[in-house]
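Structure record follows, encoded as structure tokens.
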Amino acid sequence: MDTVAFLKCRESFKETLGEAINLIGGIGKLGSPLILKPNLCTGD
Numbered sequence: 005m006d007t008v009a010f011l012k013c014r015e016s017f018k019e020t021l022g023e024a025i026n027l028i029g030g031i032g033k034l035g036s037p038l039i040l041k042p043n044l045c046t047g048d
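Take any residue in the sequence shown, count from 1 to its spot, add 4: that is its number in our numbering.
Next comes the structure, spelled out in structure tokens:
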């Protein structure tokens, strides 16, 4: 099963990516590739 993290975009891509990696517990033990998929339909 793949791990998924949903979160709102932060001030910078670096900050958003860092938070996503922390939420999934790091990238060292992923069983599948890391895929970044921005949500273009946020309705903000």
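All residues carry an ideal CB built from backbone N, CA and C; glycine is no exception.
For PHE17, the enclosing alpha helix (DSSP H) starts and ends at 17 to 27. With contacts defined by Cβ atoms closer than 7 Å, ILE31 and LEU40 do not form a contacting pair.
Rounded to the nearest whole angstrom, the CA to CA distance from ASP6 to SER36 is 7 Å. As the crow flies, the alpha-carbon of GLU23 is around 17 Å from that of LYS33.
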